[in-house]
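Using the working numbering, read the sequence shown as starting at 854 and increasing by one per residue. Just so it is clear, CB atoms sit at the ideal spot from N, CA and C, and this is done for glycine as well. Have a look at the structure below, then the notes.
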Amino acid sequence: LMERKTHVKINRKQVMLAKLKKSCSCTPQKLKNFVMDFFPVLRWLPKYQCKEYIWGDAMSGLVIGIILVPQAIAYSLLAGLKPIYSLYTSFFANIIYFLMGTSRHVSVGIFSLISLMVGQVVDRELLLAGFDLNDDAPPALGDGPLKNDSLSNTTAFNLTTVGINAECGKECYAIGIATALTFVAGVYQVLMGIFRLGFVSMYLSESVLDGFATGASLTILTAQVKYLIGIKIPRTQGHGMLVITWINIFRNISQANLCDVITSAICIVVLVTAKELGDRYKHKLKFPLPTELVVIVVATLVSHYGKLNEVYASSVSGAIPTGFIPPKVPQFNLMLRVAVDALPLAIVSFVFTVSLSEMFAKKYAYTIRANQEMFAVGFCNIIPSFFHSFATSAALAKTLVKTSTGCQTQVSGVISAMVVLLVLLFLAPLFYSLQKCVLACIIIVSLRGALRKFRDVPARYHVNKVDTLVWVVTMSASALVSTEIGLLVGIVFSMLCVVVRTQRPRTALLGQIQDTSFYEDDLEYENLSSVPKVKIFRFEAPLYYANRNYFLKSLYSLTNLDPNLEAARRKKYEKKEKHHLQKGNHRTANGLGTGETTLQLVPKQIDFHALVVDCSSISFLDTTGVNILKEILKDYKNLNISVLLACCNPSVIDSLKRGGYFGNDLGSIQEMLFYSIHNAVLFAKEQK
């Protein structure tokens, strides 16, 4: 009774030419819309409700700015760069996202995972260039990028081979690598936006992202332990960094600096206690406690007046210059060296930014444009790379703080940038005596959220075992091998899990729910009645080349009949009967008379004459899938068993038609295809 609609054929060539013509045309209105879309601030800023929004934006911007300063200084340890570059990064990222971002709430800036990925590339290239990775390597004269820092690495390195035609010290080369990496990552993100490749983020499942973040957090934690206890061990590069670093830590544990150990213990206790109290009483607090800033100020004062560096040899941050360094174009030859490393950096940065933007847009009932977010985060990397900054991303912790302190728009980002600018211009030198162990404590305490994922493993396992396995594999690979390899392993493994689940899906024989026209799995539900002389088979996956054998194996096993073996038995038996009859022996091979041979042509009794295949869970068929269905149709027909298909979606029906399943004239389609299992069963019962 149902007839398919006749769809008008679309001339794809004409459609593409029309779209291209429309895209290439330029009118004043179209140019205005393009500029307004590319800079969303031009749309919402003129409508800014100052009286309603300014207090929340000012408060959240001030709080985030206060949090940004200590975090920026601390995360410079992860990136293997001087603190001034982290401050530059935080400043420029907030300004650019204010102009180009579509989310009202996300906080874009320095992020621990991104800093770690940048630091690993920087360390590797420094090692290849012959520099000492030790943070406290003795300085010598060199031409570093900071005008008021006349000291550089001992082995001033002539970098003509990588495009720098002057002597460049360790610090100069490190920021050169970081800016080149950041520029290439930004270019990748902009290209992904131009070609609308945002779908790439779909392959990073929640389990992969959580596992990656947790594994990277373990790596970050491991890298900070040497600062916590004040030992001098080489910075490990390459695969297995976590294990090698811990071996070196235990080998040198006797050299621990008692001053750093005591300072670290006090700072961790204070920070954790303040965080726990803040979480417990957050509904009573109008804004989060600026614990990190208080700890840094107090620790700096104690270190300065107690002369901890001179008396106890405690490692300190050192000179942080004020002002801005003249902009510089990232080196093209360095870009070639880090082009491969920039790809995972670009994807991770984009995925975290877009996922957080979508999450908070949904929570506060507005929409974002994922493609514009890709442009925004791309230019948050491209433009700052000319100003000695490194890669950025949205950060969950700071975004939660923004929303909890009344943020309404990205005006709060500008206020945060002003706070960072104040530090850059005037306050940075005051942090000279700040101990590195204090920065390490801030980093480690900030990892609480990611490390708490271990507590969620039992609940995750209870919900879905496969997702838990993906999380464990991704986390282990990210921690034990490397972050980039861990991300790749997680993506590949999660995709393999999907493939395996379609290769060996659930299969079932269905029984009828009593006094209804519905059918369900006979093994899962009680009180189902089997349909006499009819088998109903369900296959819960697409039918394609990878699961063809499993489909046949499951069908033959559940129906307890392999038509090929049955046909072979019949042929063999008929051959024996024919041989005995030709010899004139009227007794058959079983010792029976010829009149009794009819019952013996089928060695095992077949208890059904119709097979109904429930195709409701088969989302698509490939050529192999169509051929398999044609094969079982033919094989069962040889045994006088009809095969009926039920609940096929239009895509599957079209594939069957194109594959010739219903014959050339489609005359028998009404006897082979049914829109419900019950209709197929009724038809089978009516057959003789």
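- One alpha carbon belongs to valine 1043, the other to isoleucine 1100, and they sit about 42 angstroms apart.
- Between alanine 1172 and leucine 940 the beta-carbon gap is near 14 angstroms, outside 8 angstroms, which marks them as no contact.
- In the assembly as shown, arginine 865 is an exposed residue. Its beta-carbon has fewer than 16 other beta-carbons within 10 Å.
- Spanning the alpha carbons of serine 968 and tyrosine 928 requires a straight line of approximately 7 angstroms.
- Within the stretch 1320-1381, the complete alpha helix (DSSP H) runs of at least 4 residues fall at 1336-1356.
- For serine 1495, no alpha helix (DSSP H) segment is defined; the enclosing uninterrupted segment is the beta strand (DSSP E) at 1495-1499.
- By a beta-carbon distance limit of 8 angstroms, methionine 970 contacts leucine 1198. Their separation comes to about 5 angstroms.
- Alanine 1033 is positioned such that its CB atom lies no closer than 8 angstroms to that of phenylalanine 1243.
- DSSP, reduced to helix, strand and coil, places glycine 954 outside both helices and strands of the structure shown, so it counts as coil.
- For phenylalanine 1461, the uninterrupted beta strand (DSSP E) run begins and ends at 1461-1467, by DSSP.
- Within its own chain, the residues whose Cβ lies closer than 7 angstroms to the Cβ of isoleucine 1268, once the five positions on either side in sequence are excluded, are Asp910, Ala911, Gly914, Leu915 and Gly918, listed in chain order.
- The alpha-carbon separation between arginine 1511 and leucine 1519 amounts to approximately 11 angstroms.
- According to DSSP, isoleucine 1389 shares a beta bridge with Val1465.
- In chain order, Phe1515 place their CB closer than 8 angstroms to the CB of serine 1521, counting only its own chain and leaving out the 5 sequence neighbours on each side.
- With respect to valine 1298, isoleucine 1121 sits close: the two C-beta atoms are nearer than 8 angstroms.
- Three or more Cβ pairs closer than 8 angstroms define a contact, and the stretch 1061-1072 meets that threshold against the stretch 1334-1344.
- Taking the Cα positions, proline 881 is about 28 angstroms away from cysteine 1233.
- Within a 10 Å sphere around the beta-carbon of threonine 1220 sit fewer than 16 other beta-carbons, which makes this residue exposed.
- Pairing valine 959 with threonine 1252 gives a Cβ-Cβ distance under 8 angstroms.
- Taking C-alpha positions only, valine 1316 is separated from lysine 1215 by approximately 24 angstroms.
- The three-state reading of DSSP puts glutamine 1077 in helix, counting H, G and I together.
- The shortest CA-to-CA distance from tyrosine 901 to any of Ala1332, Gln1261 and Arg1313 is the one to Gln1261.
- For arginine 1222, the closest of His860, Pro893 and Val861 by C-alpha to C-alpha distance is Pro893.
- With a contact defined as Cβ atoms closer than 8 angstroms, tyrosine 1398 and aspartate 1475 qualify at about 6 angstroms.
- Annotated three-state conformation of valine 1384 is coil, per DSSP.
- Restricting attention to Tyr906, Gly972 and Gly962, the CA atom closest to the CA of lysine 935 is found in Gly972.
- Per DSSP, the continuous alpha helix (DSSP H) segment holding tyrosine 1426 begins and ends at 1416-1435.
- In the pairwise beta carbon analysis, the stretch 1137-1156 is classified as not touching the stretch 1087-1099: fewer than three pairs are separated by under 8 angstroms.
- Cβ-Cβ separation between isoleucine 1086 and lysine 1079: approximately 5 angstroms, consistent with a contact (criterion under 8 angstroms).
- Looking at the DSSP output, glycine 1302 shares a beta bridge with no other residue.
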